[in-house]
Each structure stands twice: as C-alpha cells, then as structure tokens.
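Trainee:
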C-alpha cells in the first residue's frame, strides 16, 4: 500500500485505519515519515511491508554434499579386489611393471598411491613427489626403515649389506663407505673410469653403429655402461660388459646372472606367498 500527496492529518487518519492484524509496524512506519514539505505534501511514497510471521520458521536443512565420483582408494584407477587387493593389477602388468607404475602415479593427483595385497592394510606406499622423497630419504630417514619383511625378501641378493640394513648396522657401514666414496675419490673416479669407459667403449660403439646403419637399444647399452662403472668402483673389477665391438664382454654372464637375480627378488614382492630358490 502506498501513501502520497496527503496532508499530515490525512496520513495519520489513514494509518489509524490500517488493520493491525496485517501490518504490525505502524508506529515504526509513522516515525519514518519525513516532515511535511512546504507544499503540504509528503516526500517520496512509503511502501508498507507485510508483518513477519508470529512464529519463526525452522531453519531449512542444508542439502547433503554431492558424493565424489571416485573414492580416494580408486581415484588413480586402481580399485582393489576384496580379497586379493591390488595383486591382479601387478600380475597383469608384470611384463611392463615400470611403465605401469609411472602411468598410475601420473593419474594420482598427489603422485602417491597406496597398494594392498590380500586385503588387509596398506602393504606399500609408492610416491613420485620429490617432497615426499626428500622427507623419507633425508629429513626423516631414521623414521622409515626397510623393515624385516623387505630385508628377508632381499637377503639372498644383498645379504646384510648397506642396501639391506637399518639402524646401527646401516650407520656403521655408511661411515665406512663414506671414506671410500668421498668427494675427492668420486671426482677421481669420474675422471679415470667414466672417461675411459666413454672414450674407449661407449662412443666407439655408437660411432660404429652409425657407420653400419645399425639400430642400437640405448637401454641395453646404458645398462652395460653403468654395470661396468659400478663394478669398478665397488669391487675394483672391470667386467667389460660393454665393448667397442658389441655387447658381449668377457664377463657378460655375470651381468645376466645379476639381472636374473633382480627379477626373482621383484617377483617375491609381487607374489602372494614368499618363496625362495
């Protein structure tokens, strides 16, 4: 209802006639009238609002949050089997295990996945986030031991060496190795061993392949290059797995045996039951 162009007495009379059952704020509205202008008219029209309800309305419940399309355990596409966990994923991708891990970690928003085997709790957490790697291997290294389970799996290959020990045994071996692998010794190793391996074996092999138009599997070439160098610095022996003429060095059988041992150990981690050969 609007009131305009009326005298003060007419406005008061009109307001007294209003039904208070419909408009309960009449006194407040009267107080809001501006003084009468010089021409006897009220200022701009005033609109009366309906009264509030006698009882407050109960608050409306909020709608439930939308359900996520995927739960955290399956957001990277690895839905665990109720009994076998992620074991079927391991077995179906065992021929491309590194590529499979890389693809799975890329799908995860955190680049971290939790894996389960035979139901139960998480058997392993795999991460490709550099911050997590630094936290586990540097900032809080003592808080992330390899554990008895991993040590038993790797014992046949690594024994109780520095790569398969925790706590005080690891510290003693680390201290002993630090003298051998100092900055000065590593610099000398790079100058002598790696340079000779590059100049006498790797580069001549690649040049010969280019001249003959041969296709070279770089993964195999670099595996042999690395294996020769590691054996030189760790054992003082040169297996000669890489040569200028080709791959078959004099101790190539040792490298093949080492690769086979690694594959067997990896198979233990993917098997539902532990086995020894």
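In the UniProt record's numbering, the protein residues as written are 1 to 277.
Heads up, the beta-carbon is just placed ideally off N, CA and C, and yes, glycines get one too.
Around the C-beta of residue 141, are 16 or more other C-beta atoms found within 10 angstroms, so that it is buried, or is it exposed?
Mentor: Counting from 1 along the chain shown, the entry for residue 141 is found at position 141. Burial state of residue 141 is exposed, judged by a 10 Å Cβ sphere holding fewer than 16 other Cβ atoms.
Trainee: Ignore the nearest five residues each way along the sequence and tell me which others in residue 151's own chain have a CB closer than 6 Å to its CB.
Mentor: The residue you call residue 151 lines up with position 151 of the chain shown. 164.
Trainee: Check each candidate in 210, 232, 242 and 206 and name the one with the smallest Cα separation from residue 223.
Mentor: By one-based count along the chain shown, residue 223 stands at place 223. Comparing Cα-Cα distances from residue 223 to each of 210, 232, 242 and 206, the minimum goes to 242.
Trainee: Excluding the 5 residues flanking residue 206 on each side, which residues of the same chain have their C-beta closer than 6 Å to its C-beta?
Mentor: Here residue 206 corresponds to residue number 206 of the chain shown, with the count starting at 1. Within the same chain, residue 206 has no close Cβ partners at all.
Trainee: Please specify which runs of the beta strand (DSSP E), each continuous and at least 3 residues long, are wholly inside the stretch 72–139, giving them in chain order.
Mentor: As far as the stretch 72–139 is concerned, its whole beta strand (DSSP E) runs of at least 3 residues are 112–115 and 124–127.
Trainee: Quick one: what does DSSP say residue 220 is sitting in, helix, strand or coil?
Mentor: Residue numbering aside, residue 220 sits at position 220 when the chain shown is read from its first letter. Helix, per DSSP.
Trainee: If I follow the unbroken alpha helix (DSSP H) through residue 166, where does it start and stop?
Mentor: As a position in the chain shown, residue 166 is number 166, starting the count at 1. Neither: residue 166 is in no alpha helix (DSSP H) and is coded neither H nor E.
Trainee: Could you give the distance in angstroms between the alpha-carbon of residue 193 and the alpha-carbon of residue 123?
Mentor: Counting from one through the chain shown, the residue named residue 193 turns up at place 193. Counting from one through the chain shown, the residue named residue 123 turns up at place 123. Taking the straight line from one Cα to the other gives about 40 Å.
Trainee: What's the gap between the Cα of residue 102 and the Cα of residue 115?
Mentor: For this step, residue 102 is matched to residue 102 along the chain shown. For this step, residue 115 is matched to residue 115 along the chain shown. The C-alpha of residue 102 lies about 14 Å from the C-alpha of residue 115.
Trainee: Would you kindly work out how many angstroms separate the C-alpha atoms of residue 256 and residue 91, rounded to a whole number?
Mentor: Walking along the chain shown from the start, residue 256 turns up at place 256. Walking along the chain shown from the start, residue 91 turns up at place 91. Those two C-alpha atoms are separated by around 23 Å.
Trainee: Reducing DSSP to helix, strand and coil, say where residue 239 ends up.
Mentor: Taking the chain shown and counting its residues from 1, one reaches residue 239 at position 239. DSSP places residue 239 in coil when its eight states are reduced to three.
Trainee: With a threshold of 6 Å on Cβ separation, who are the neighbours of residue 126 within its own chain once the five nearest residues in sequence on each side are excluded?
Mentor: Walking along the chain shown from the start, residue 126 turns up at place 126. Around residue 126: 113.
Trainee: I want to know whether the stretch 204–218 touches the stretch 155–171 - three or more CB-CB distances under 8 Å.
Mentor: No, the stretch 204–218 is not in contact with the stretch 155–171.
Trainee: One question on the structure: do residue 261 and residue 157 come within less than 7 Å of each other, judged by their Cβ atoms?
Mentor: Taking the first residue of the chain shown as position 1, residue 261 is located at position 261. Taking the first residue of the chain shown as position 1, residue 157 is located at position 157. Cβ distance < 7 Å, so residue 261 and residue 157 count as in contact.
Trainee: Are the CB atoms of residue 129 and residue 111 nearer to each other than 7 Å?
Mentor: Here residue 129 refers to the residue found at position 129 when the chain shown is read from its first residue. Here residue 111 refers to the residue found at position 111 when the chain shown is read from its first residue. Yes, the Cβ-Cβ distance between residue 129 and residue 111 is below 7 Å.
Trainee: Going straight from the alpha carbon of residue 230 to that of residue 94, what length do you get?
Mentor: Position 230 of the chain shown, counted from the start, is the residue given in the question as residue 230. Position 94 of the chain shown, counted from the start, is the residue given in the question as residue 94. Computed Cα separation, rounded: 27 Å.
Trainee: Who are the Cβ neighbours of residue 89 in its own chain at under 7 Å, not counting the five residues just before and after it?
Mentor: Residue mapping note: residue 89 aligns to position 89 of the chain shown, counting from 1. Taken in chain order, the residues that qualify are 78.
Trainee: If you draw a straight line from the C-alpha of residue 162 to the C-alpha of residue 174, how long is it?
Mentor: On the chain shown, position 162 is the one that residue 162 refers to. On the chain shown, position 174 is the one that residue 174 refers to. Distance between the alpha carbons of residue 162 and residue 174 is about 7 Å.
Trainee: Assuming contact is defined by CB atoms lying nearer than 7 Å, are residue 147 and residue 118 in contact in what I supplied?
Mentor: Stepping through the chain shown from its first residue, residue 147 is reached at position 147. Stepping through the chain shown from its first residue, residue 118 is reached at position 118. It is not a contact, given that the beta carbons lie outside the stated cut-off.
Trainee: For the alpha helix (DSSP H) containing residue 204, name the first residue and the last one.
Mentor: Numbered from its first residue, the chain shown carries residue 204 at position 204. Run containing residue 204: 203–212, per the alpha helix (DSSP H) assignment.
Trainee: If distances are taken between C-alpha atoms only, which option among 96, 149 and 154 comes closest to residue 264?
Mentor: Stepping through the chain shown from its first residue, residue 264 is reached at position 264. The shortest C-alpha separation from residue 264 is found at 154.
Trainee: Looking at the unbroken alpha helix (DSSP H) that takes in residue 154, where does it start and where does it end?
Mentor: What you label residue 154 is simply residue 154 of the chain shown in a count that begins at 1. Counting along the chain, the alpha helix (DSSP H) containing residue 154 begins and ends at 147–158.
Trainee: Span of the alpha helix (DSSP H) holding residue 278?
Mentor: Since the first residue of the chain shown is 1 and the last is 277, residue 278 is not available in this structure.
Trainee: Let me make sure I understand the geometry here. Which of 240, 82 and 214 has the alpha-carbon closest to that of residue 200?
Mentor: Here residue 200 is taken as the residue at index 200 of the chain shown, counted from 1. That would be 240, whose Cα lies nearest to the Cα of residue 200.
Trainee: Closest by CA to residue 202, which one among 187, 189, 219 and 186?
Mentor: Along the chain shown, read from residue 1 onward, the residue named residue 202 stands at position 202. With distances taken between Cα atoms, residue 202 lies closest to 219.
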